[in-house]
Ligand SMILES: [Zn+2]
């Protein structure tokens, strides 16, 4: 659908992907069994005096604004801790009517109680460190684990830390995956071995896989920034959306994590990010004709032309982000010092 704006420009509809990588971390690889219950509570629920500000609050905000999200769930942790916690995560998302796809942090494979592939020392953190056969096997294990806890078959994939390489696309094809969202042009490790024409912004085919890179925009200083909700000011996000549409993009792919609304390493909500996400949800709700949220079940994702100008943001947005970051750092340092939870 095309839209005419106030300046009588013909604009494309900008299909918007709100994606969330759902994962947990025990703070280290030692004493994981002892640390797991607390890590699971924090990363998945994020309990605080104000409410559960990890996955439940994310799902609640999307629901209250009638928005679609895509939840890339990391399942390999279940090869160590069992299927029950993975089933709990999948149920939370399914009960909220949101879509589940596959996310993979390969560092978990060394912790599996039954080895998934031949063990290797030292630990290989990223997917691109594995060969095609190993990547194929690890993706197959991830798909199996999600199936075993009742998730619908995944059609889309995102590599942990965006660490895909050219071999990943063969591995995805072998597993019958249609879509990938692992490319992130702000990260050197993302898409290694791909020809330059394939390692680009915008929806495009890599072999038979449809690639939806994480969206990047050019900030006021000229540097590339990825569209991460926890790392961009609201003004930046709104400007990048508007600029993407004016520049002729058909898709924008934003990402976040299950615990991005919590202060780093803490248990209380980061109100700057909470308010930012709430404002973004309201903006997408109020502009649902221009920026409809989509998922892999409802959209067919047509290729976008190469060479479209990247979205841009203004110096004012840069200043706002830096002020917000400064305030957050100072406030978090004070809260940690005083061992405070913030008032709701
Ligand atoms: Zn991840």
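In the numbering used here, the protein residues as written are -15 to 328.
For every residue, glycine included, the Cβ atom is placed at its ideal position computed from N, Cα and C.
If you're wondering where the values come from, they're calculated on a predicted model, not measured in any experiment.
- Residues lining ligand 1 by the Cβ criterion, that is a Cβ closer than 5 Å to any of its heavy atoms, are 5, 7 and 144 in chain order.
- In the displayed model, residue 201 falls within a strand according to three-state DSSP.
- Counting only runs that start and end inside the segment 29 to 77, the beta strand (DSSP E) elements of at least 3 residues fall at 54 to 57.
- Contact between the segment 165 to 173 and the segment 89 to 96 is absent, with fewer than three C-beta pairs closer than 8 Å.
- Looking only at 59, 52, 307 and 195, the smallest Cα-Cα distance to residue 215 is reached by 307.
- Secondary structure at residue 161: coil, using DSSP grouped into helix, strand and coil.
- Between the alpha carbons of residue 221 and residue 284 lies a distance of about 24 Å.
- Residue 80 is positioned such that its CB atom lies closer than 7 Å to that of residue 43.
- In the DSSP assignment, the residues bridged to residue 208 are 202.
- In the same chain as residue 47, and ignoring 5 residues on each side of it, the C-beta atoms closer than 7 Å to its own belong to 80, in chain order.
- A direct Cα-Cα distance of roughly 8 Å separates residue 225 from residue -2.
- When secondary structure is reduced to three states using DSSP, residue 174 falls in the coil class, being assigned neither helix nor strand.
- With contacts defined as CB atoms closer than 7 Å, residue 184 and residue 286 fail to qualify as a contacting pair.
- In the assembly as shown, residue 282 is an exposed residue. Its beta-carbon has fewer than 16 other beta-carbons within 10 Å.
- Contact check between the segment 233 to 247 and the segment 199 to 217: three or more CB pairs, one atom from each, fall below 8 Å, which counts as touching.
- Setting aside the 5 residues that flank it on each side, residue 296 is surrounded in the same chain by 201, 202 and 227, each with a C-beta closer than 7 Å to its C-beta; the list follows chain order.
- Membership of residue 269 in any beta strand (DSSP E) is not indicated; the residue belongs instead to the alpha helix (DSSP H) covering 255 to 270.
- Residue 195 has 164 and 188 as its beta-bridge partners, per DSSP.
- Taking the Cβ atoms as the reference, residue 85 lies roughly 6 Å from residue 280, within the contact range of under 8 Å.
- Contact between the segment -6 to 13 and the segment 23 to 43 is present, with at least three C-beta pairs closer than 8 Å.
- Nearest in C-alpha terms to residue 269, of all of 136, 304, 165 and 52, is 52.
- If you draw a straight line from the Cα of residue 230 to the Cα of residue 16, it comes to about 49 Å.
- The residue from 103, 102, 134 and 157 with its alpha-carbon nearest to that of residue 123 is 157.
- Using a Cβ-Cβ distance cut-off of 8 Å, the segment 270 to 279 and the segment 179 to 196 are not in contact, since fewer than three pairs of beta carbons, one from each stretch, lie closer than that value.
- In the pairwise beta carbon analysis, the segment 102 to 115 is classified as touching the segment 140 to 154: at least three pairs are separated by under 8 Å.
- Excluding residues up to 5 positions away in sequence, 46, 51, 52, 53, 54, 238, 240, 268 and 277 lie with their Cβ nearer than 8 Å to the Cβ of residue 2 in the same chain.
- If you draw a straight line from the Cα of residue 255 to the Cα of residue 41, it is about 13 Å long.
- Taking 3 residues as the shortest admissible run, the segment 79 to 152 contains the following complete beta strand (DSSP E) segments, listed from N- to C-terminal end: 83 to 88 and 140 to 143.
- Taking 7 Å as the cut-off, the Cβ atoms of residue 110 and residue 62 do not count as close.
- As computed with DSSP, residue 240 is found in a beta bridge with 4.
- DSSP places residue 228 inside the alpha helix (DSSP H), whose first and last residues are 218 to 230.
- According to the DSSP assignment, residue 17 belongs to the alpha helix (DSSP H) that extends over 16 to 24.
- Its chain contains 41 as the residues whose beta carbon lies nearer than 7 Å to that of residue 35, once the 5 sequence neighbours on both sides are disregarded; these appear in chain order.
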